[in-house]
Structures are given as C-alpha cells and as structure tokens.
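In mature numbering (1 follows the signal peptide of the UniProt record, and there is no 0), the protein residues as written are -18 to -1, 1 to 362.
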C-alpha cells in the first residue's frame, strides 16, 4: 500500500542511512565504515532514482484505470493493493511539484524529460481527484473515504472509515502546487487555479476548497488512524489537518476568500490546543491516539505515526510539538528504545546510530520494520 509513498520519500528527503548499510567490519575504524557506506549509498541512489521514477509512472493511470488515478501497487493478490488510497496518492503527488519546479540542487538524478511530464501529470491527478470527490459524496466515508477502485468508484466494503488525514494531506500538496504554478504560469495558471483548485464558493466543486471545508468542519469527530486500525482522535491526523488549515488560511486570503481564511485559521488554532492532550506526563512521551473506541492492542501508545505527523506538520505545529522540541525528542527516543527490543536486528547492530523502525511495538500485521518509517526516522 505504501510503495508509491516510499518512492516519494526516497526522492524528496535528504536521508542519510550510512549507518545501516553493510555489515560491521572489525578491522576497520567506525569512521571509515561510515564514509564507505555513505559513498555506496550515494552511488546507489544516483542509479536508482531514474529507475524509481519510471517504475512510479507505471502506477499512474494503469490499463483500465481512471486517467490520473495513482494505485498503491500493481499487485492484485497476496497482497491485493490494486486500489488508490487518498493518503498515499497525496504523499506521492507532493513530490511531483518539486520535480516540476526545479531540479537544481537535487542529490538524485531524475531524467530530464520528467520535468516536461510533471505539469501534465499533476493536472491529470487533479482531474482524477475531482472525479473521486464527486463520487465520494454518496459513499459511506464522504470525502474521508480512504480508498477507491481503479475505475474511480469508492470501495464500499467493510473498512476503517472515515480517514480524515487523506483530504488534509491532499489539500496541503495542491496548495503547494497552486502557489508554484501561480508564480510562473501567468494568466493560464490564474484561470486554472481559480476554476479547478480554489473557486471560493460553497458548495464547491474545486479540489482544495472542498477538502478544506471538509476537514475544518469535521476534525472534532472520530476517524481512523493512518494504519486504518484505531477509531478515535490521533496525533498524526490532527497534525496534518492543522498544517492543511494553516496553509489553507493563508491561501484562502491570497484568493480573496477572507471569510473562509478566518474560519480555517480559527479551526487551526482550536486544533493547536489539542496537541497537549496527547502528552502523557507519566510516560513522558506523546500518545498516538486518544478517545478511541478500541486500542487495537496498542498498550504502549507509542506509534511512529506521531513522528511522521510531526514531519508533515513541520514548523506549522505549535512550538512545543515541533521536530526539535523536547516532547518530540522524548517520544522519538521512546520509540527507538521500543524498536531496539522488538527487532533483533537492532540489538545485533546496537553500535550503529540508525535503527530499523516499525509502525508500533505491538504490531502483529506483518509486524516487521518498514522501509518508509525507517527512512522517516533516520538522521539527516
């Protein structure tokens, strides 16, 4: 389900995993091993980036799919992830505007024709999103419907719904694109953004406006977490909604939708007061969820989703919950400690800085370390 997302993180994060590449060599000093492993990793990234980009394109509009729809995986059995998830799509699309805007300074080599593909690709994903949003109005989860068949129809079988992080992530990435496009696209861009992305109307058929209205009016209600397991209030979900509404308030003002800008800002401020409620004074770390119906066996409350939410929120988060805050550092330490006990790999290579990281210590669904969350937890 997260293969597309993994690519986005691989290409867009300046991740240094030197400390987990290769195996320890007793005859070499630690600094030598680090330099050698970093060199090997950089060489691999340089070769892999172009291949990853090409393979990612195969997951966009596969045969028989709604044009612009991004599938999580082409695998249709064991596991069947031949669906489109709003969250995964948003994370991948978040990388594409960066590709379109500029290649300067990138540490990875993307094929030169990728930039020419990117604008058309973004617009195609936006067109697909418009279709999904319209169809979602009649689905059980509304705009919080988590996944769709490749033809664009909502999956209506039993599932953890709604999931409100998806629309928030989607609003954030399309705001980024809209701002970049407006800065270089002239009248064509202004017309496109106004008609397709943010029309300032309600009800709205424009992508960003619809998502912002949905999350700003529903964030107080319970929803399922990013792992689709726990129904409650979640740090990750609040973090990405808070970010989307802060960005949305600024963007709405730019689009002369001042009433909406004030509303989004007010809701963002209300969410900002909720973060403190996730802080556990006894354990001294952030609990991933609260007010839940069923904890799904997560007794510790530790979840790497908390760290991912922090990364997505960035400096928009309240100061006490930013990546460099004591509370996030304590939580990060607690997660790494739990993973050191969970995975023998970490005990075997205990002298290395980076650790293999999974979703949460009690994970039983293919409960192994995940490349995505290990990358997200790695030192820069």
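Here a beta-carbon is modelled for each residue, glycine too, at the ideal position from N, C-alpha and C.
- In the DSSP assignment, residue 283 falls outside any beta strand (DSSP E), carrying neither H nor E.
- The beta carbon of residue 259 sits closer than 8 Å to the beta carbons of 272 from its chain, once the five residues preceding and following it are set aside; these are given in chain order.
- DSSP places residue 213 in the uninterrupted beta strand (DSSP E) bounded by 213 to 216.
- Note on geometry: alpha-carbon atoms of residue 78 and residue 104 lie some 7 Å from one another.
- Remark: fewer than three beta-carbon pairs, one from each stretch, lie closer than 8 Å, so the segment 262 to 280 and the segment 178 to 188 are not flagged as touching.
- Judged by their CB atoms, residue 295 and residue 225 are nearer to each other than the 7 Å cut-off.
- Within the segment 139 to 186, the runs of alpha helix (DSSP H) at least 4 residues long that lie entirely inside it are, in chain order, 147 to 166, 168 to 174.
- A check of alpha carbon separations from residue 62 across 73, 130, 334 identifies 130 as the nearest.
- DSSP places residue 58 in the strand class (E or B) of the three-state scheme.
- For the options 208, 348, 150, the alpha carbon positioned closest to that of residue 60 is the one of 348.
- Runs of the alpha helix (DSSP H) lying entirely within the segment 319 to 362, each at least 4 residues long, are 326 to 330, 353 to 358 in chain order.
- Between residue 112 and residue 205, the gap from beta carbon to beta carbon reaches 7 Å or more.
- Apart from sequence neighbours up to five positions away, the residues of its chain that approach residue 221 with a beta-carbon distance below 7 Å are 291, 292, 294, 295, 299, ordered along the chain.
- By a beta-carbon distance limit of 8 Å, residue 163 does not contact residue 108. Their separation comes to about 11 Å.
- Under the 10 Å beta carbon count, residue 140 is surrounded by fewer than 16 other beta carbons and is classified as exposed.
- Measuring C-alpha to C-alpha distances from residue 147 to each of 126, 46, 137, 136 identifies 126 as the nearest.
- By the C-beta density criterion, residue 165 is exposed, having fewer than 16 other C-beta atoms within 10 angstroms.
- The alpha carbon of residue 328 has as its nearest neighbour, out of 351, 48, 124, the alpha carbon of 351.
- Look at residue 198 here: in three-state DSSP terms it is helix.
- Of the other Cβ atoms in all chains shown, 16 or more fall within 10 Å of the Cβ of residue 41; this residue is therefore buried.
- In terms of Cβ geometry, residue 211 and residue 278 form a close pair [threshold 7 Å].
- When 247, 143, 288 are compared, the shortest CA-CA separation from residue 128 is found for 143.
- Within the DSSP secondary-structure output, residue 206 pairs in a beta bridge with 213.
- Contact between residue 282 and residue 343 is confirmed by a C-beta separation of about 6 Å, below the 8 Å threshold.
- Taking 7 Å as the cut-off, the Cβ atoms of residue 48 and residue 134 count as close.
- Each residue's CA atom was taken as its position, placing residue 324 and residue 181 some 49 Å apart.
- Burial state of residue 43 is buried, judged by a 10 Å Cβ sphere holding 16 or more other Cβ atoms.
- The Cβ atoms of residue 72 and residue 151 lie closer than 7 Å to each other.
- Per the coordinates, the alpha-carbon of residue 136 lies some 22 Å from the alpha-carbon of residue 199.
- DSSP places residue 256 outside any alpha helix (DSSP H), giving it a letter other than H or E.
- For the options 170, 358, 228, 132, the alpha carbon positioned closest to that of residue 287 is the one of 358.
- The three-state reading of DSSP puts residue 236 in helix, counting H, G and I together.
- CA-CA distance, residue 21 to residue 338, rounds to 20 Å.
- Here DSSP, grouped into helix, strand and coil, assigns residue 276 to coil.
- The bridge partners DSSP lists for residue 136 are 130.
- Annotation: the continuous alpha helix (DSSP H) that includes residue 75 extends over 68 to 75.
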